[in-house]
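Enquirer:
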Amino acid sequence: MAKILIIDDEKAMRQAMVQILRDEGHETLEASDGSQGLKLIQACEAGDRPDLVFLDLKMPRTQGMTVLKTLGSQLLELPVIVMTAYGTGRTAIEAMQLGAYDYITKPFPLKTLLSLTEKALAHAQTSVSVSQTNILQDLDTEELLGQSAAMAEVFKLIGRVSQTDATVLILGESGTGKELVAQMLHSNSRRSRSPLVKVNCAALPEHLLEAELFGHEKGAFTGADHLRIGRFEQANGGTIFLDEIGELSLGIQAKLLRVLQDRSFERLGSNQTRTVDVRILAATNRNLETMVQRQQFREDLYYRLNVLRIDLPPLRDRLEDLDLLTQHFLKRLAIQHNFPKLSISEAAFQKLQSHAWPGNVRELQNTLERAVILSGGRILLPDHLSFGQMPKPDLNLENAIAQLEQDLIRRALTLYPYCAHEALGLSLEAFHQKREQWNL
Ligand SMILES: Nc1ncnc2c1ncn2[C@@H]1O[C@H](COP(=O)(O)OP(=O)(O)OP(=O)(O)O)[C@@H](O)[C@H]1O
Ligand SMILES: [Mg+2]
């Protein structure tokens, strides 16, 4: 059973708590003010310290907050539950910021006292500390991790194809690491000293994307008041990564097919054909085969892209990787947030394993970051993990159109500050109305 210290100036309160905790089989210590409590903690040998402290905030002489401040980083190992009769949010926030484990307002029911005690003690026992053996030398560089058979296949493929100039199609659900694979393919290739140029094909409407990819001459269209080098030319000698390729319009698909065939294209507003030496990587989370069947994606382009393909397995199909990934992200979060004692309880880890991870590794990363903050840098418990907070797609058409309008206007204003209305196909009057409407 555990050793529990109660720091409270009210004798009756201490006695009541001692009684309840002893009935549960715990050993108790008492202190009637903060400095006495601190002395008790410090006097104990390291292995003999209390396992849990209940701390009253408002006491004569040394107050509860001072105790928390004095304990400082020791609070990462010693759970302190703060009690106060003054239940203002501000004291609760301050106590948690100082590193208290939990907070209750007096009077509290017996049940709460016992369940809190149990919860606080459970962590200490079942926690698995974040392993100190370093998986990665440099936690800042993002690296694709995995020890499952499925990821081993992915690594092998990357190894085989990175040295070639072959086009690679990277497929996988959202958050499975497609962009990371593209980066690895590039950095392991002989083009690694040349640029890796990324284009998100979903981010721009058709005519702007075309100018983005292929560039345009000065005066190519209204608003094109200077020459613009396209992304293919920028990537010359290196690699271009076409992300979200499933979102390309059929018009651009045709132009892209030509680049894939002979690396040639024209800038908008020019009939001079240019050729580039570019390796092409493409990714999508859409099912291109279905899109081909529905005639939303050109079959010939699909075959050109699909020379080599890397399929990234969803996280739920390789839960063997969960441990490694969790350790890795926790270690990084521990460093980022300066939480040297961060660990995860077995129960929390089990909860991670029973989730389906629709957002894959990205969702895991976000879930852990949230949990780490909620845990205050101690032990991640099942309660700290909440799922389903992935932004749900807002299917409301009106909202979506309003959002799109604002995005387009902003983009037009950046690209064509003097004739944004023309780029948007609006009269000057209609344009001003829209700007006013959206406060842009
Ligand atoms: N196997 C992995 N090991 C380590 N980190 C990973 C792994 N897979 C993904 N990540 C991380 O998860 C996040 C999402 O990865 P990435 O952006 O590559 O996903 P994606 O497949 O491109 O997703 P989307 O389709 O939504 O664009 C990134 O922060 C990435 O570093
Ligand atoms: Mg991506």
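Quick note on numbering: the numbering used here labels position 162 of the sequence shown as 153, and the sequence is numbered without any gaps. For every residue, glycine included, the Cβ atom is placed at its ideal position computed from N, Cα and C. All figures in this text were calculated on a predicted structure; none of them were measured in a lab.
#1: What residue does the beta strand (DSSP E) around residue 190 start on, and which one ends it?
#2: Is the closest heavy atom of ligand 2 to the C-beta of residue 169 under 6 Å?
#3: Roughly how far, in whole angstroms, is the beta-carbon of residue 149 from the beta-carbon of residue 176, given that I think they are within contact range, below 8 Å?
#4: Quick check on the burial criterion: 16 or more other C-beta atoms within 10 angstroms. Buried or exposed for residue 429?
#5: What is the DSSP secondary structure of residue 368, reduced to helix, strand or coil?
#6: Can you tell me whether residue 312 is helix, strand or coil according to DSSP?
#7: Compute the Euclidean distance between the alpha carbons of residue 45 and residue 359, then round it to the nearest angstrom.
#8: Just how far apart, CA to CA, sit residue 313 and residue 344?
#9: What is the rounded straight-line gap between the Cα of residue 0 and the Cα of residue -8?
#10: Specify the secondary structure class of residue 257 as computed by DSSP and reduced to three states.
#11: Which residue wins for smallest C-alpha separation from residue 277, given the options 324, 236, 310, 57?
#12: Where do the N-terminal and C-terminal ends of the alpha helix (DSSP H) with residue 73 fall, by residue?
#13: If the criterion is Cβ atoms closer than 7 Å, does the pair residue 54 and residue 25 meet it?
#14: Who pairs with residue -6 in a beta bridge, going by DSSP?
#15: At a threshold of 6 Å, does residue 354 count as lining ligand 4 (C-beta to nearest heavy atom)?
#16: State the Cα-Cα distance for the pair residue 128 and residue 331, rounded to the nearest angstrom.
#17: Count the other C-beta atoms from every protein chain shown that fall within 10 angstroms of the C-beta of residue 354, then say buried if there are 16 or more, exposed otherwise.
#18: Starting from residue 167, trace the alpha helix (DSSP H) in both directions and tell me its first and last residue.
#19: With a threshold of 16 other CB atoms inside 10 Å of the CB of residue 123, please say whether the residue is buried or exposed.
#20: Examine the Cβ distances between the segment 159 to 178 and the segment 263 to 273 and report whether three or more of them are shorter than 8 Å.
#21: Which of the three DSSP states, helix, strand or coil, is assigned to residue 178?
#22: Measuring only the C-alpha atoms, how far is residue 38 from residue 163?
#23: Run the CB neighbour count on residue 51, radius 10 Å, all protein chains shown included, and call it buried at 16 or more, exposed below.
#24: Does the structure place the segment 184 to 193 close enough to the segment 135 to 155 that three or more beta carbon pairs sit under 8 Å?
#25: How close, in whole Å, do the beta carbons of residue 166 and residue 211 come, if the pair is a contact with beta carbons under 8 Å?
#26: Any chance you could list the beta strand (DSSP E) runs of at least 3 consecutive residues sitting entirely within the segment 315 to 353, in chain order?
#27: On a CA-only basis, which of 431, 60, 346, 40 is nearest residue 91? Give me that one, please.
#28: With residue 294 as the anchor, note down where its alpha helix (DSSP H) starts and where it stops.
#29: On a Cα-Cα basis, can you pick out the residue from 15, 19, 13 that is closest to residue -2?
#30: Taking the continuous beta strand (DSSP E) assigned at residue 44, which residues delimit it?
#31: Mapping the DSSP letters down to three states, classify residue 300 as helix, strand or coil.
#32: Nearest CA to the CA of residue 241: which residue from 286, 266, 233, 218?
#33: Is any heavy atom of ligand 1 found at a distance shorter than 6 Å from the C-beta of residue 404?
#34: Taking the alpha carbon of residue 14 as the reference point, which residue from 49, 364, 82, 101 has its own alpha carbon closest?
#35: Spatial neighbours of residue 405 within its chain, please: CB distance less than 8 Å, with the 5 preceding and 5 following residues excluded, ordered by chain position.
#36: Locate the alpha helix (DSSP H) running through residue 405, then write down its first and last residues.
Expert: On the basis of the supplied data:
#1: For this step, residue 190 is matched to residue 199 along the sequence shown. Residue 190 -> beta strand (DSSP E) spans 187 to 191.
#2: Here residue 169 refers to the residue found at position 178 when the sequence shown is read from its first residue. Yes - ligand 2 has a heavy atom lying nearer than 6 Å to the Cβ of residue 169.
#3: If you number the sequence shown from 1, residue 149 lands on position 158. If you number the sequence shown from 1, residue 176 lands on position 185. That pair is a contact at about 6 Å.
#4: Start at 1 with the first residue of the sequence shown, and residue 429 comes out as number 438. If you draw a 10 Å sphere on the C-beta of residue 429, you find fewer than 16 other C-beta atoms in it, and that means exposed.
#5: In the sequence shown, the residue the question calls residue 368 occupies position 377. Here residue 368 sits in coil by DSSP.
#6: The sequence position of residue 312 within the sequence shown is 321, counting from 1. When DSSP states are grouped into helix, strand and coil, residue 312 belongs to the helix group.
#7: Here residue 45 corresponds to residue number 54 of the sequence shown, with the count starting at 1. Here residue 359 corresponds to residue number 368 of the sequence shown, with the count starting at 1. Looking at the two C-alpha atoms, the distance is approximately 28 Å.
#8: Residue numbering aside, residue 313 sits at position 322 when the sequence shown is read from its first letter. Residue numbering aside, residue 344 sits at position 353 when the sequence shown is read from its first letter. Taking the straight line joining both Cα atoms gives about 7 Å.
#9: Position 9 of the sequence shown, counting from 1, holds the residue named residue 0. Position 1 of the sequence shown, counting from 1, holds the residue named residue -8. Straight-line Cα distance between these residues: approximately 25 Å.
#10: One-based indexing of the sequence shown puts residue 257 at position 266. Strand, per DSSP.
#11: For the purposes of this step, residue 277 is identified with residue 286 of the sequence shown, where counting begins at 1. Comparing Cα positions, the closest option is 236.
#12: Translated into the one-based positions of the sequence shown, residue 73 becomes position 82. From DSSP, residue 73 is part of no alpha helix (DSSP H) but of the beta strand (DSSP E) over 71 to 75.
#13: Here residue 54 is taken as the residue at index 63 of the sequence shown, counted from 1. Here residue 25 is taken as the residue at index 34 of the sequence shown, counted from 1. Yes, the pair counts as a contact, with Cβ atoms nearer than the cut-off.
#14: On the sequence shown, position 3 is the one that residue -6 refers to. Answer is 18, bridged to residue -6.
#15: This structure simply doesn't include ligand 4; it includes ligand 1 and ligand 2 instead.
#16: Mapped onto the sequence shown, residue 128 falls at position 137. Mapped onto the sequence shown, residue 331 falls at position 340. The predicted position of residue 128 is uncertain, since its pLDDT is 40 and thus under 50; no value can be drawn from it.
#17: To locate residue 354, count along the sequence shown from 1; it is residue 363. Classification for residue 354: buried.
#18: Position 176 of the sequence shown, counted from the first residue, corresponds to residue 167. Here residue 167 belongs to no alpha helix (DSSP H), and DSSP marks it neither H nor E.
#19: The residue given as residue 123 occupies position 132 in the sequence shown. The predicted position of residue 123 is uncertain, since its pLDDT is 39 and thus under 50; a value taken from the coordinates is nonetheless stated next. Per the 10 Å Cβ criterion, exposed.
#20: yes
#21: As a position in the sequence shown, residue 178 is number 187, starting the count at 1. Reduced to three states, the DSSP call for residue 178 is helix.
#22: Position 47 of the sequence shown, counted from the first residue, corresponds to residue 38. Position 172 of the sequence shown, counted from the first residue, corresponds to residue 163. Using only the alpha carbons, I get a separation of about 50 Å.
#23: What you label residue 51 is simply residue 60 of the sequence shown in a count that begins at 1. With fewer than 16 other Cβ atoms within 10 Å, it is exposed.
#24: no
#25: Against the sequence shown, residue 166 aligns to sequence position 175. Against the sequence shown, residue 211 aligns to sequence position 220. About 38 Å separates the two Cβ atoms, so there is no contact after all.
#26: 334 to 336
#27: The residue you call residue 91 lines up with position 100 of the sequence shown. Comparing Cα-Cα distances from residue 91 to each of 431, 60, 346, 40, the minimum goes to 60.
#28: In the sequence shown, counting from the first residue as 1, residue 294 sits at position 303. 290 to 296 is the extent of the alpha helix (DSSP H) around residue 294.
#29: Here residue -2 refers to the residue found at position 7 when the sequence shown is read from its first residue. Nearest of 15, 19, 13 to residue -2, Cα basis: 19.
#30: Residue 44 sits at position 53 when you count from the first residue of the sequence shown. 43 to 47 is the span of the beta strand (DSSP E), which, as asked, contains residue 44.
#31: The residue labelled residue 300 in the question sits at position 309 within the sequence shown. DSSP places residue 300 in strand when its eight states are reduced to three.
#32: Against the sequence shown, residue 241 aligns to sequence position 250. Measuring from the Cα of residue 241, the nearest candidate turns out to be 286.
#33: Position 413 of the sequence shown, counting from 1, holds the residue named residue 404. Outside the cutoff, so no.
#34: Indexing the sequence shown from 1 puts residue 14 at position 23. Minimum Cα distance to residue 14 is reached at 101.
#35: Counting from one through the sequence shown, the residue named residue 405 turns up at place 414. Excluding positions up to five away in sequence, the list is empty.
#36: Start at 1 with the first residue of the sequence shown, and residue 405 comes out as number 414. Where residue 405 is concerned, the enclosing alpha helix (DSSP H) stretches over 388 to 406.
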